[in-house]
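Presented below is the structure to which this report refers.
There are 2 protein chains.
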Amino acid sequence: MNYYSTQITNLIDELRRLPGIGSKSAQRLAFHIINMPEEHVHHLAQTLVTAREKIRYCKYCCTLTDSEVCPICASTKRDHSTIMVVEHTQDLAAYEKTGQYHGVYHVLQGTLAPSLGKGPDDIRFKELEERLKNPEVKELILATNSSLDGEATAMYITKKVKPLGIKVTRIASGVPIGGELEYIDEVTLSRALDGRVEL
Amino acid sequence: MNYYSTQITNLIDELRRLPGIGSKSAQRLAFHIINMPEEHVHHLAQTLVTAREKIRYCKYCCTLTDSEVCPICASTKRDHSTIMVVEHTQDLAAYEKTGQYHGVYHVLQGTLAPSLGKGPDDIRFKELEERLKNPEVKELILATNSSLDGEATAMYITKKVKPLGIKVTRIASGVPIGGELEYIDEVTLSRALDGRVEL
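Structure below.
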């Protein structure tokens, strides 16, 4: 790509490393950015850095947030006796968009993945066990993806949690097999929540 | 989007303003960025700012570059008697990828657009006229897009330049009507160059 100057080439190369950004998109973005007013570029750059620096895990549910306790865990309007277990913060956001769920969450930040050597210590399961010591908790809704790893993780958690006498449910199979929660429409997600079955 | 923390929401909002980035892509990019090592985010942010700050127009061909004279205008291996006129730096890059063109360029940084009130002073035409005073220049190849504005711009330049006794050609109509040079494959672009006709 020596037909662009070094700075443009560097910018295109950096952008191309981002997920879902191909060679053409990277080029288009790069030219958009170098045509933006200089203060807008500074602002964009600062937003990236600030978001990355300020981000941390909620001390209760382990979602990505910028305060010690995330807004959902801090809310007294939420039902703290019901915990929905999801893989990622994006999945939490997907369920929040339905407006149908009023409990709290637990974000595993991944799944068990034996093939990749990822065991219970690689997901936020210890933190979940800690929360379950609170007698207030009545139900655990497992909303991991319906992928192989997501199902295995749900099975593992069920086995560990049922003996504690807590009701464990799994969102209904309205979620298509192999689908990623993040990309499913609100109606399907709501239906899967309504049709959840006890494990 | 109050189910994300402020910093994540800000980041998603900023990313969504970029061209071709929808709501889902912005979310995906944001989570990718906050999961990147902190020094990578600093590097990405710095690359944006540096590219924007260092960028300028080549004093000859007006392409976006980071030095006073772009690498193509500075090269003694290029044929400086042939100038290809394109709308944007991306179009220059598209022709460079064909490897079939050995002349130099002139980047208008836009087109005439009477409907938007954009006249000859809004494109880099004065700079082109200045270059044509050099008796070394033998041919001007018009490679503006085959859109209405691109054709009008080619017509305007032809009218202005032909009286100077310089050969003016237009790339062949191999380029589909309404198409954007930036997105056309190398073979079509090469064919359009070979089939250019004198105006």
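One line per chain: the protein sequences are Y and R, in this order.
Each step along the first sequence adds one to the number in full-length UniProt numbering, with nothing skipped, and position 146 is 146.
Each step along the second sequence adds one to the number in full-length UniProt numbering, with nothing skipped, and position 105 is 105.
Here a beta-carbon is modelled for each residue, glycine too, at the ideal position from N, C-alpha and C.
Here the C-alpha atom of R/R78 lies approximately 54 Å from the C-alpha atom of Y/L181. At least 7 Å separates the CB of Y/E180 from every CB of chain R. Going by DSSP, R/I157 is part of the alpha helix (DSSP H) stretching over L148 to V161. Per DSSP, reduced to three states, the secondary structure at R/T98 is helical. Looking at the DSSP output, Y/E139 bridges to Y/T82 and Y/K167. Take the alpha-carbon of Y/I157 and the one of Y/Q46: they are about 40 Å apart. Residue nearest to R/A172 within the set R/G165, R/A51, R/S190 and R/K24 is R/S190 (criterion: CA-CA distance).
Excluding five sequence positions before and after R/E136, the CB atoms of its chain that fall closer than 8 Å to its own CB belong to H80 and S81, given in chain order. In this structure, DSSP gives Y/T65 an extended state, which the three-state scheme calls strand. Separation of the CB atoms of R/L29 and Y/L11 is rounded to 15 Å, and the pair is thereby denied contact status at 8 Å. Proximity of chain R to Y/T50 at the Cβ level (cut-off 7 Å) is accounted for by Q7, in chain order. With the rule of 3 Cβ pairs closer than 8 Å, the stretch 138-157 of chain R counts as touching the stretch 101-119 of chain R.
Here DSSP, grouped into helix, strand and coil, assigns Y/K126 to helix.
Using a Cβ-Cβ cut-off of 8 Å, Y/G20 is close to S25, R28 and L29 of chain R, given in chain order. When CB distances to chain R are screened at a threshold of 8 Å, the residues of the stretch 84-99 of chain Y falling below it are H88, T89, Q90, L92, A93, E96 and K97, in chain order. Taking the Cα of Y/T111 as reference, the smallest distance to any Cα among Y/D194, Y/D91, Y/Q27 and Y/R56 is reached at Y/D91.
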